[in-house]
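Notes follow the structure.
Number of protein chains: 2
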Amino acid sequence: MRDVMITGIGSTPFGRLEGRSVQSLAVEAASMALARSGVDRSEIGALYLGNFVAGPLSGQEVLAGMVGDELGLTGIPCTKVEGACASGGIAFRHAVMAVRSGACDAAIVIGTEKMTHASGGQVTQALNCAMDNRSDGPSGLTFPGLFGLAWRVHAERYGTTRDDVSAVVIKNKRNGLKNPLAQMGAELSADMIRQSLPIADPIQLYDCCPVSDGAAALVIVAADRAKSAPDLPIRVRAAVQTSGPARISGHDDLCSYRTTRLAAERAFAEARIAPGDLDLAELHDCFSMAEIIHTEDLGLVPRGQGGKWAAEGRTAVGGDIAVNASGGLLSKGHPVGATGVGQIFEVVRQLRGEHANQVRGARLGLTQNVGGAGVACTVSIFERSDA
Amino acid sequence: MRDVMITGIGSTPFGRLEGRSVQSLAVEAASMALARSGVDRSEIGALYLGNFVAGPLSGQEVLAGMVGDELGLTGIPCTKVEGACASGGIAFRHAVMAVRSGACDAAIVIGTEKMTHASGGQVTQALNCAMDNRSDGPSGLTFPGLFGLAWRVHAERYGTTRDDVSAVVIKNKRNGLKNPLAQMGAELSADMIRQSLPIADPIQLYDCCPVSDGAAALVIVAADRAKSAPDLPIRVRAAVQTSGPARISGHDDLCSYRTTRLAAERAFAEARIAPGDLDLAELHDCFSMAEIIHTEDLGLVPRGQGGKWAAEGRTAVGGDIAVNASGGLLSKGHPVGATGVGQIFEVVRQLRGEHANQVRGARLGLTQNVGGAGVACTVSIFERSDA
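See the structure below:
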């Protein structure tokens, strides 16, 4: 398997993008990525597109072929993958595999989603398709409910407090203020969070990521084809995808996802690095409690200490490891099928040293993208190509 | 890239399978395939699942992970792909690529769909997500309408008659009578077809495939791992996927699909055979006119002669090339995400010499699976491994 690099990258802002279609967002991000890729469109041998809810919310499927057509990439295999909110990460891994295996020398991955035009009820119904509706549907459980339950377990087991969890929110909302692509950065106090609307006790409004529109794209090329790229290529050191049960009863622990632990183990082995070698990580903080769980599952933070580390500033930019310097899903937004690709876009900018909320001297970064209640997970590791 | 084989195969009957879930159909077919695969479940390194309409019709996504979980295949990457009615064929190609590239030594592909529990309106709405709804939605065009237009062009250009087209229906419905998995085989006369309900003039009821439930699965292994399989392994000689525009205005000809022509050209080159070398083909006859178009695009029949060849019995079992000996979509049924995998199941049985409607001495077979109005196409070629 060959060494592969990310060259061109593109992203729309994430947020409420009125009057835009899910396809046009994809085309915008992909056009930016292609323009900076250092390869000609005729060299792109595969297109992978991550999307989750365009069917129910926009009445449109077959997006991979449609977007390929609009980009002038007809004829090549264009494939849409779906793994709920991990669709983007899964699409990325497939583009990497296509180039690594020699099936082609260059591939493009696009994540895209349009959600804000739909009603809250429609969005909730669409997202709930990521649950096992036979086993968990009848319980009435939703994703905020699930992370509320996890929070209660975490609090009882490790003594995690509302203020510990608020530290994650304050950090990510503050990071988002510095990210021009972010949907809703803010300077929040623990009191403001404590006074926000209850959603699924103990989860409150600021603990939840917003509903978002957006798209991101990356061009992946064989290492020997990266030399003509105008921007610093970023090496893909690991790209791992795992699966597990969608049903809650399949979890051995509400505060730990086996798919994440397994993906992390494989990714660190593939990259031949340890968690402590990382400078930054973009994690799937769909809820504040999710970031705490993920930092622990990935081994970035000792088990049970995710909230405490956030409260002590150890996961802030300038701390032990910068977690969600982009603002994360909480602040940057969560256009579900685009998120996994958008995370990698952020890490690439960090490793190039050109991020608006730069982690000083960043050389190694990780992304983690989760689908449903851990039914799918991708963990990827990236390095500056001059490292 | 290594040589790969199909060992285990499985399929539910196609038809109205009441009280079944889309997941349980997948698990049933996959369990059969795994049981005859010659490899242990722990050796399966990737799962690909083709599905198109489980979101809108069953409120369930993340099927790849869920089905992997039910099969005890947790941890490995389980990926759902969507390319409308070509979802199954696309999933197959990805399972082949995973093994060919050495990413794993064995992979499983599953196609599954549950449709008959939904209303006709819901089914039509779900299937129309395969059209470009911005450009073609406002026209009111549906898939029967599209193939009705193609028919008119074909009739005007090549003199194709109602009876020529009926010959396809009569052949496929007759073939279906011999296939125990088929939804609706029948012995029809040209008169019966002529008297059936008009759907989208000139298309009548018998020109249309039914709405169906069903699932099929295949285990793909590296050639050197196929020796322990209990049944004759079937070699994958080609697995090609192409994409093109979803919008009708992107077609250069209503009677010819560029994605099919391109996929055929690449597949015959990959397999190093000519169309005339084939013994049989399973084609995407969602409508009778579609089979005529596909036989011509694939080069199985001279341009414009698809109807005439059917009328002369040259595409029947025992003719020049047996097209849709299984009954095809018209007779076997069209559980949309399962169809592409089901076609390969049929070809494997033929090449093993164990089909209920056997093509005598079959050694080389082809499948063609089409998504939407040609937005995606897969063409695959198979050979007896003792050939």
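Chains as they are written, first to last, in my numbering: chain A, 415 to 801; chain B, 415 to 801.
Here a beta-carbon is modelled for each residue, glycine too, at the ideal position from N, C-alpha and C.
Within chain B, S435 have C-beta atoms less than 7 Å from the C-beta of R548/A, given in sequence order. Here E527/A carries a strand assignment [DSSP, helix/strand/coil].
The continuous beta strand (DSSP E) containing G785/A extends over residues L778 to G785. Non-local beta-carbon contacts of A447/A in its own chain, meaning distances under 7 Å to residues more than five positions away in sequence, involve G422, I423, G424, I522, A631, L632 and V633 in chain order. The DSSP-derived three-state label of V441/B is helix.
A direct Cα-to-Cα measurement between S740/A and A683/A gives close to 26 Å.
In this structure, P689/B lies away from L668/B, with their beta-carbon atoms at least 8 Å apart. In its chain, beyond the 5 residues on either side, L668, C669, M703 and I707 have a beta carbon closer than 7 Å to the beta carbon of A564/B.
The distance from the Cβ of P616/B to that of R566/B is about 7 Å, consistent with a contact at the 8 Å cut-off. The continuous stretches of alpha helix (DSSP H) do not include V476/B, and DSSP gives it neither H nor E. Along the length of the region 716-788 of chain B, whole alpha helix (DSSP H) runs at least 4 residues long occupy 720-725, 742-746 and 753-765, reported in chain order. When the beta-carbon positions are compared, R672/A and S549/A stay at least 8 Å from each other. S702/B sits in a helix when the DSSP states are folded into three classes.
Pairing A500/B with T792/B gives a Cβ-Cβ distance under 8 Å. Comparing C-alpha distances from P470/B to each of N542/B, T426/B, C700/B and D638/B shows the shortest one belongs to N542/B. When the Cα atoms are used, A787/B and R434/A turn out to be separated by approximately 24 Å. Within the same chain, H769 come within 6 Å of R763/A by CB-CB distance, once the 5 residues on both sides are set aside. Scanning its chain for C-beta atoms nearer than 8 Å, with the 5 sequence neighbours on each side dropped, one finds around Q539/B the residues P470, in chain order.
When Cβ-Cβ separations below 8 Å define contact, P749/B makes no contact with chain A. For L743/A and A652/B, the gap between their C-alpha atoms comes out near 42 Å. The beta carbon of A512/A lies closer than 6 Å to those of A460, C518 and A521 in the same chain, with the five residues before and after it left out. V789/A places its beta carbon less than 8 Å from that of S657/A. With respect to the C-alpha of R649/B, the residue from L778/B, G747/B and S553/B having the closest C-alpha is L778/B. Taking the CA atoms as reference points, A685/A sits about 35 Å from M480/A.
Ranked by Cα distance from N586/B, the first of G767/B, Y620/B and D666/B is Y620/B. Scanning the region 532-571 of chain A for uninterrupted alpha helix (DSSP H) segments of 4 residues or longer gives 534-541, listed from N- to C-terminal end.
Distances from the CA of L602/A to each of G473/A, S580/A, V737/A and A443/A were compared; the closest alpha carbon is that of S580/A.
CA-CA distance, L463/A to V784/B, rounds to 19 Å. Within chain A, no residue has its CB atom less than 8 Å from the CB of V731/B, the nearest being about 32 Å off. By the CB criterion at 8 Å, P716/A and M529/A fall outside the cutoff. Distance between K494/A and A478/A, taken at the CA atoms: about 5 Å.
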